[in-house]
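Remarks on the structure that follows.
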Amino acid sequence: MSPLPVSPPHDPYDPSRTSPAGRESEYRRLHHALDRCAAGAGSVIVLHGSVGSGRSDLLYAFTDTAAERGVQVLVGTGSPLEREFPLGLARQLLQGADLAPEEAATAEALLAEGAASGTVPAPSDRPAGRLTQRVLEGLFRLVRGLAERAPVLIAVDDRQDADPQSLEFLLYLVRRTRGTGVLTVLSSRETMTPAHPLFEVELARQPHHQHIRLDLLGTELVAEVLRTRLGAAAAERHAAEAHSLTGGNPLLVHSLVGDQERAGSPGTLVVGEGYRRGLMHCLHRIDPLALHYARGVAVLGTGATPELLAELLLLAPDALPRALYLLHAAGLFRDGGFRHPTAAGDLLAAMRPLELAALHQRAGRLLRAAGATAATVDGHARVAEGHLRSSLGPAPAAGAGDPGAVLPEFGGGGGAWEVPGATVAEDVAGDDIAAHDIAAEDIAAEEAGATGGFGPVPAHALQLWSGPAPTGPAVECVPTLPGTVTDADTALRHELKRLRHHFWHGRIDEGTAALARFEAVPGQAVHTEPLRHWLAYWYPALLPNPARRTGPHDGATADRGDGMRLLAALLAGTVSPEDAVVHAELVLRAGRLGGVRTESLTAALTVLLYADRADRATHWCAPLAERAGARCGAHWNALLAALRAEAALRQGDLRSADEAGRAAFAHVRPEAWGVAVGLPLATMAAARTALGLHQDAAHFLELPTPAGLEHTPAGLHHRYALAGHRLALGRAEQALADYRACGDTMARWGVDHLPAIAPWRLGAARAQLALGRPGSAAALADQQLARLGPVGHPRIRGLALRIRAAAGGPAERTELLERAVGLLEEAGAESELAAALGELSEAHQHDGDPGRARRADRRVRRTPALAVVPVRPQAPAPVSLLPVSPLPVSALPVSALPASPLPVAGRPLPVATSVPAPEGTAGGLSEAEGRVAELAARGLSNRDIARKLYITVSTVEQHLTRVYRKLGVRRRVDLARMLGPVPSGAADGTPPRPAFPRRADLVAG
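So this is what it looks like as structure tokens:
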């Protein structure tokens, strides 16, 4: 190893000349460590400080001078956006290394192998995502080889945002570099809780570890900064006030000094744009809970009690002291409030108007309950109303009979078709917008990183159940006036629409009679075949299913190109669910290119749902919604939204289910839905049952529905949702009766071979568990498993195994749950998977295997569970039950579960009442990932993809890593199989780019 150059008598690396202002002591410690490194004694140093403390400035100043001294500098920066790229940080470090060509090739191979091991399921003897010994040792040897040529400095900024695999490599490295010329410097920001506590503990155990904390600057150091940049007179005049405004935060100090430089030489200290921008930068980079706390203080003021702040922000009271500490430690707060009077307004101005309106509205309600003056409460109401108006523009005046001007928080009564909780403002008489009733709880919880997030939706913005009627036709098949039809073809089309119109609105007798009269005319019966396929779905027991006239193979062939025929064949059992999924996706893929009727597309989506492939239905909903929005009427847009809501519900994505359900009623008023209204009503009610909002669920279930609903699948969904609601309320006997009624209906219709329509046996088994009848519950679960056959239905099969595990004894519980976890993972049912993993962790604990329990616990934390729970339940907590299928409720990790013995046979495993927020993961692929995935599925190499998309090969590799992880595949051939066959007629023989589902709104809001 080459020695460092000898320092001359006047050291050019004098800290006073090269270090950031006020950091000379820390800078000197870093250079002493570098000198020891040059002598062959490696060490690891942790730079730790609050936001704005100058960690990055110090680190990069040190790397610059180290490079000037001939040290090989490897630099990497952690980022929340790249936290899920396995070995992404390690790749950054090695990209800056002076490697020989063969070494660079070795590094690339090791990084690729390590990235793959971080995205695929690990063997049972190794925790998921861990790197192999081969990868770790290979990367270490590369670094050691560099150190043999010259001292090496590894500098990592924002270590708290690094990917776990890179941290594992760094730990492996620092354990072996004590006697080598490698100096590792890791910079991290202070947070509420350590991002990687085990990493920090293991790092602190190393004998060559040092910790350097960057404290705030004292008054003398602030004066020194001012003296250096503004002169001695300005420093003497402004040092104390500058320290008071900045708290010694280096970023704020330099921002404030910049304001003085731009202002010239005024006699007073100028607080300008630089200081305000610096403060906002610090606040928005601090821990999210601390930012949330600061917003609460900005709304309520410094005199607010901790209890009131906790209520406003929907935070646990014990979280507030830590948040307050971070704000004070960063110099942003003094005595519980902001240091400058404009800071609160600047912070609130950066919020979205609807969020800010919701926060002020909730503050007004809490202050009124706490006995605040009327002026204070009215002030918050006026501010909330102003922000609401500014975000939405002028609202229509509330007319007579309008149930309300806003859709507020869930809970409360209402009119017959009123959204639960919608009330006319009581405190703002005559106003057309009731700002008092905007919901704030879930917006606040979302900003805090909590699960949930059903925000306020003004009624005139959605035009839902109040305000002007939605645009578009009230119903597609309205009969025409006599004498207005001029040709035979048009007359035939309108007559068929008239027939469908009767059935759509539940007038079964009139429709049946009209159909008989129409088909009695010679030659007319051939024209009603599409209508009969439509009726085979909407009224399964009314007429013989035309699909039953063909055999299984003929049916599969005949139904391939028409979604409605395919749906009829699936219901008739003439095509298997697996084949139906393939053909349905062919219909949907062709529909993206145009030329396919919307009715066929919605039927194909229904096929995917009834074949237990809600994940594929979600995949197709977004592109179809875009197509329908541009080309189709209001009814078809509404039906697509309802199917999108049902698909999201079955995957546990309650936020998307709520948004899509509301959109369905925004397109078409409930009274114009006909018998189909049962589907969105059932979805909305089931979502609220899963959230614990039982009053809202009851409201949706009690709304009036058309006659004849009970003869349709929509009525079956409605009855199933009612059963789940009753079970959640502890009315297990009533729920059991409802589930059995659903089973009788499915048997009478001949669709009991499709449990995904309404898995009544699983619901009945849960009811039996609640009644203390484990034997009956186990028998029902076994019946369901036996009827599923050897393949298919992974989600239903996984749910049945969970129930079977809850009903059985401890001896078989672990094995059953392990099988359930595998099936739910295959189905992409992430919320049910999280719940099953939580139960599996409990089972391992009960078996005396804490290691496997911890591994299951870690998988729970990594699973992007999409189910959410209510911030505040409307009714007393229901009995502890397994979640009502198809509604998943995720389980907490073992460490967060209440201490209790494993339930005895006949009682379900504990179900959590909250879910930890994901750490920034998205359930679907981004647009860029979708493009890369499509090209990879077509067989292009990484280099070809990079050339085609004008990006680097490294970017392609990172995108593919995330694609494999999200889609659960390991190879390109699996990716190609998942994306499906190429439709004929596609441009240049390649499939159109699939529009992958986006669920990033769940994390980023």
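Here the numbering used here = 1-based position in the sequence shown + 3.
Glycine included, every Cβ here is placed at the ideal spot set by N, Cα and C.
Short Cβ contact (8 Å threshold) for residue i with residue j
i, j, result
"L173", "T194", "no"
"G141", "L176", "no"
"G655", "M687", "no"
"R619", "E581", "no"
"H714", "A544", "yes"
"G99", "L77", "yes"
"N945", "E960", "yes"
"A808", "L826", "no"
"L643", "L627", "yes"
"T183", "A150", "yes"
"L351", "R298", "yes"
"V956", "L928", "no"
"H796", "D615", "yes"
"A372", "H383", "no"
"L189", "V159", "yes"
"S191", "H51", "yes"
"T222", "A242", "yes"
"I215", "V49", "yes"
Simplified DSSP state of residue i, which is helix, strand or coil
i, result
"Q654", "coil"
"F506", "helix"
"D852", "coil"
"T66", "helix"
"H756", "coil"
"S22", "coil"
"L90", "coil"
"T577", "coil"
"Q527", "coil"
"T605", "helix"
"R240", "helix"
"T715", "coil"
"G281", "helix"
"V146", "helix"
"S929", "coil"
"V185", "strand"
"S944", "coil"
"H246", "helix"
"T109", "helix"
"T964", "helix"
"I954", "coil"
"P324", "helix"
"W623", "helix"
"I289", "coil"
Expected contact under 8 Å - CB spacing of residue i and residue j to nearest Å
i, j, result
"L604", "V590", "7 Å"
"R181", "P210", "7 Å"
"A637", "V671", "5 Å"
"Y723", "A761", "4 Å"
"L788", "E835", "With a Cβ gap of about 16 Å, L788 and E835 do not count as contacting."
"L248", "H343", "6 Å"
"L282", "Y296", "At roughly 15 Å, the Cβ-Cβ gap does not stay under 8 Å, so L282 and Y296 are not in contact."
"G55", "L254", "3 Å"
"I806", "A768", "5 Å"
"L96", "G79", "5 Å"
"A64", "S22", "6 Å"
DSSP bridge partner residues for residue i (one or two, in chain order)
i, result
"T80", "D160"
"L217", "G52"
"F341", "F336"
"Q75", "V155"
"H212", "V47"
"R192", "G52"
C-beta neighbour in chain C for residue i, strict 8 Å
i, result
"T376", "This model lacks chain C altogether, as it is built from one protein chain only."
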